[in-house]
Amino acid sequence: MIIGRLLSRLGIRPGRRSRALPAAAPSGDLLADIGDLPALTANGTPAIVEVRTGVLVVVNRRGEVFAVDARCPHLGAPLTNAIVKRSTITCPSHWCRFDLRTGVSLPRPSSRLRCPPLRTFAVRVVGDRVLVHDEPA
1 MIIGRLLSRL GIRPGRRSRA LPAAAPSGDL LADIGDLPAL TANGTPAIVE VRTGVLVVVN
61 RRGEVFAVDA RCPHLGAPLT NAIVKRSTIT CPSHWCRFDL RTGVSLPRPS SRLRCPPLRT
121 FAVRVVGDRV LVHDEPA
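Just so we're aligned, residue 1 is where the sequence shown starts under the UniProt record's numbering, counting upward by one.
Below you can see the structure in the form of structure tokens.
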């Protein structure tokens, strides 16, 4: 009986197709409502966004949006002119390369240097609005 009540609260009825539940919102505080997704260029050109906790780099790669800290964790160099290729971002000062999804430092062919991970932020696209939350991606 308890399961029946729980299923009923979720809008699920036995023998019927269940309705889709809305996507869960990230639990972190909203840092930025960047605005329209079409305003972010889809070619990966980084957009610089000031938020109450600092500055972020926001990248739209073919409709997939990423938000990362605007400072390289290696030596604090700005990533405002970072190089974005595929799903990576490269610090123009020291050539540290990071995965935009996870922030993990990627190995460089010419060096054994591994940088600390780059801080990433959860991004949620609602309609055409881009929302950045203060929690890891």
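Note that beta-carbon positions come from the ideal geometry of N, C-alpha and C, so glycine has one too.
How close, in whole Å, do the beta carbons of His94 and Leu79 come, if the pair is a contact with beta carbons under 8 Å? 11 Å between Cβ atoms; not a contact.
With DSSP as the reference, identify every bridge partner of Thr90, one or two as the case may be. Ile83, Arg97
Could you tell me which residues DSSP puts in a beta bridge with Ala67? Val58, Phe121
Same chain only: Cβ atoms within 7 Å of Pro92, ignoring 5 sequence neighbours per side: Asn81, Ala82, Ile83
Backbone CA spacing between Thr120 and Leu31 [nearest angstrom]: 12 Å
Classification of Ser105 by the beta-carbon crowding that lies within 10 angstroms, buried from 16 upward: buried
CA-to-CA distance, Val59 to Ser87, given in whole angstroms: If I take the Cα positions, the gap works out to 9 Å.
Going by beta-carbon coordinates alone, are Val65 and Val130 separated by less than 8 Å? yes
Spatial neighbours of Thr53 within its chain, please: CB distance less than 8 Å, with the 5 preceding and 5 following residues excluded, ordered by chain position. Leu31, Asp134
What would DSSP say about Ala32, mapped onto helix, strand or coil? strand
Is DSSP giving Glu50 helix, strand or coil here? In this structure, Glu50 counts as strand in the three-state DSSP scheme.
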